[in-house]
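Each number in the working numbering corresponds to the 1-based position in the sequence shown with 35 added.
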Amino acid sequence: MTTCEIRRKKIYLTARACVGRPFCHQGRRPEQGFDCVGLILYVAGEQGVGGFDRLDYDKTPVRDAISRHAAAAGFRRHPLADMKPGDALILKIGRRLEHAAILSDRGVIHACEKYGRVVEHRLDEAWRRRIMAAYAFPGLS
Numbered sequence: 036m037t038t039c040e041i042r043r044k045k046i047y048l049t050a051r052a053c054v055g056r057p058f059c060h061q062g063r064r065p066e067q068g069f070d071c072v073g074l075i076l077y078v079a080g081e082q083g084v085g086g087f088d089r090l091d092y093d094k095t096p097v098r099d100a101i102s103r104h105a106a107a108a109g110f111r112r113h114p115l116a117d118m119k120p121g122d123a124l125i126l127k128i129g130r131r132l133e134h135a136a137i138l139s140d141r142g143v144i145h146a147c148e149k150y151g152r153v154v155e156h157r158l159d160e161a162w163r164r165r166i167m168a169a170y171a172f173p174g175l176s
């Protein structure tokens with residue numbers, strides 16, 4: 036396994052360790068709970084690449100809010116055909132709401148308000164159609 040593959044595995048294993056933690060709008064810690072962005076920022080911080088955060092958003096963020104801040108946080112967008120476990124995904128929920136998740140070796144991991152907690156489930160065709168963008172965590176190719 037390459038260094039990059041090891042780091043990617045650590046990303047989704049760190050996220051997987053949060054499965055079952057409560058959903059909490061703007062949550063950033065396991066004991067508090069997470070929202071979709073908070074989970075990704077927590078995982079990044081645990082990998083030593085944190086430091087960027089924004090809390091000036093509502094439960095229903097404006098269109099493109101997550102995408103616009105991903106690059107500023109050091110995430111590198113790449114083609115969907117190149118997505119790999121350990122990537123951060125931007126998904127479209129409904130007509131305009133963006134949602135963030137982490138691609139794992141089993142599917143996707145995300146903090147979901149609908150379920151009230153962090154969940155992991157398979158990446159079926161319905162979820163795959165929601166993917167708008169894939170981003171490598173800072174420092175990964």
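For glycine and all other residues, C-beta sits at the position ideal for the given N, C-alpha and C.
Since this is a predicted model, take the numbers as computed values, not measurements.
With respect to the beta strand (DSSP E) encompassing residue i, which residues constitute its N-terminal and C-terminal limits?
| i | result |
| --- | --- |
| residue 127 | 123-128 |
| residue 133 | 132-138 |
| residue 155 | 152-156 |
| residue 84 | Here residue 84 belongs to no beta strand (DSSP E), and DSSP marks it neither H nor E. |
| residue 146 | 143-147 |
| residue 111 | 111-113 |
Give the range of the alpha helix (DSSP H) segment to which residue i is assigned.
| i | result |
| --- | --- |
| residue 170 | Run containing residue 170: none in the alpha helix (DSSP H); it sits in the beta strand (DSSP E), 166-171. |
| residue 104 | 100-107 |
| residue 37 | Careful: residue 37 lies outside any alpha helix (DSSP H) and carries neither H nor E. |
Give me the Cβ distance between residue i and residue j, rounded to the nearest whole Å; I'm assuming they're in contact under 8 angstroms.
| i | j | result |
| --- | --- | --- |
| residue 46 | residue 172 | 6 angstroms |
| residue 71 | residue 134 | 5 angstroms |
| residue 64 | residue 175 | Contact doesn't hold; Cβ gap of about 23 angstroms is too wide. |
| residue 57 | residue 73 | Not quite, the Cβ-Cβ distance comes to about 11 angstroms (not below 8 angstroms), so this is no contact. |
| residue 109 | residue 84 | 7 angstroms |
| residue 138 | residue 120 | 5 angstroms |
| residue 49 | residue 81 | 5 angstroms |
| residue 143 | residue 160 | Going by Cβ atoms, the distance from residue 143 to residue 160 rounds to 13 angstroms, so no, they are not a contact pair. |
Return the CA-CA distance between residue i and residue j, expressed in angstroms with no decimal places.
| i | j | result |
| --- | --- | --- |
| residue 127 | residue 51 | 22 angstroms |
| residue 141 | residue 157 | 6 angstroms |
| residue 54 | residue 169 | 21 angstroms |
| residue 118 | residue 145 | 16 angstroms |
| residue 166 | residue 36 | 27 angstroms |
| residue 164 | residue 86 | 31 angstroms |
| residue 125 | residue 102 | 7 angstroms |
| residue 148 | residue 59 | 8 angstroms |
| residue 89 | residue 122 | 20 angstroms |
| residue 105 | residue 62 | 18 angstroms |
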